[in-house]
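Residue numbers (my numbering): 11 to 415.
We put the CB at the ideal spot given by N, CA and C, even for glycine.
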């Protein structure tokens, strides 16, 4: 009788999802690798959810690095069915939606290879200069009118594209996984220039989006080097080594620059998966400083600091002038925080359990928290000048938030 009762109680505990019961049966290794438990935030500010939508059930891999684009008062996002959707930032109202498989002029082998009809659109989108540009899984490039979603032109990259395109000064710049950077005419889609760089045989999954400053296109590469290419014709002007590819095996030598670059006061800041962050002079490519604080995600700048999350989940602010640590925050250890973005005087990151965390960019003190859903947020949120934050989970839930004053 006692044995039956004990088994029944144990079954109830396990089936109910009791946290204490789960802890009993977890190994020490599992406990050590688990995300750190969240603690209440003192005097937490209220977070308002403005709107929330489902982008549809994603196919396998759809959620990887899913990041929409924000231009003005419109959010542009890819749905699980492979359509491009325009959403009003403040209200969440759908302005238009275009299924590119229906408007494409390509009906042959190249079109079907892009797998647009299977929801195969790459999840990074770029918007600007009246265009929205999105890239198919195998490199099909689509540019649509930002006002109504009508197709402007199509092109084809030389390989898979992981990074978001760059739209700047009449160019659409695309960096593909074979090491090629291509600039297309924003009006016609015709190729203006191309630059090829050899890449290591093994690299991490992900890529840094091209950036632009002082007449250059700036590209982070799989070999730990940032290239400065002349925007006019793609000619290489300088290169800067952020992280050396060191080690005996190919795995040990992975030094990719996967996070997006940050630019401020004629200095470029980059971080590598090897855990190195560097500052580079834009005019010359000269390395100004490097620090052994870095990670796979991008960077955000404050007036004095460089915000980043390292591989272990520690948030850092490094002095922009010399790389010295201004503060560190360990409240998100092993929670795989995204890159930070500034919003309404605070900075915000997403995490592996679908939480958004707002913190003071000057001190690192946490100020607010909310949850999008239980699925992971894998890409940095978007932030508007009005403080609205937009985030997407890997399961395709998109929502907008604002922290109360």
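For residue 98, DSSP records a beta bridge to 84.
Contact between residue 167 and residue 151 holds: their C-beta atoms lie close to 6 Å from each other, under 8 Å. Assigned with DSSP and collapsed to three states, residue 221 falls in strand. Residue 100 sits close to residue 410, with the two beta carbons spaced by under 9 Å. For residue 325 and residue 310, the gap between their C-alpha atoms comes out near 12 Å. Look at residue 112 here: in three-state DSSP terms it is helix. Counting of Cβ neighbours within 10 angstroms places residue 179 among the exposed residues, the total staying below 16. With respect to the 9 Å criterion, residue 376 and residue 401 are not classified as neighbours on the basis of their beta carbons.
Taking all protein chains in view, the Cβ of residue 355 is surrounded by fewer than 16 other Cβ atoms within 10 Å, so the residue is classified as exposed.
Residue nearest to residue 103 within the set 193, 408 and 48 is 408 (criterion: CA-CA distance). Around the beta carbon of residue 172, a 10 Å sphere encloses 16 or more other beta carbons of the protein chains shown; the residue is thus reported as buried.
Between the beta-carbon of residue 302 and that of residue 266 there is about 17 Å, and that puts the pair past the 8 Å contact cut.
Assignment of residue 390 by DSSP, reduced to helix, strand and coil, places it in the coil class.
With fewer than 16 neighbouring CB atoms inside 10 Å of its own CB, residue 294 falls in the exposed class. The alpha-carbon separation between residue 154 and residue 163 amounts to approximately 7 Å.
With a cutoff of 9 Å on beta-carbon distance, residue 351 and residue 378 are scored as not near each other.
Residue ranges of uninterrupted beta strand (DSSP E) with 3 or more members, entirely inside the region 172-204 and ordered along the chain, are 176-178, 181-185 and 190-195. Note on residue 177: 16 or more other CB atoms within 10 angstroms of its CB, so buried under the neighbour-count rule. Within 10 angstroms of the beta-carbon of residue 399 lie 16 or more other beta-carbons, which makes it buried. Listed in chain order, the beta strand (DSSP E) elements of length 3 or more contained wholly in the region 338-382 are 351-353, 356-360, 365-369 and 376-381.
Where residue 146 is concerned, the enclosing beta strand (DSSP E) starts and stops at 141-146. If you draw a straight line from the Cα of residue 274 to the Cα of residue 198, it is about 31 Å long. By the neighbour-count criterion, in which a residue is buried when 16 or more other Cβ atoms sit within 10 angstroms of its Cβ, residue 243 is exposed. Comparing C-alpha distances from residue 385 to each of 334, 365 and 288 shows the shortest one belongs to 365.
Residue environment: residue 225 is assigned as exposed (fewer than 16 neighbouring CB atoms within 10 Å of its CB, all protein chains considered). In the same chain as residue 347, and ignoring 5 residues on each side of it, the C-beta atoms closer than 8 Å to its own belong to 307, 319, 323, 325, 359, 360, 361 and 367, in chain order.
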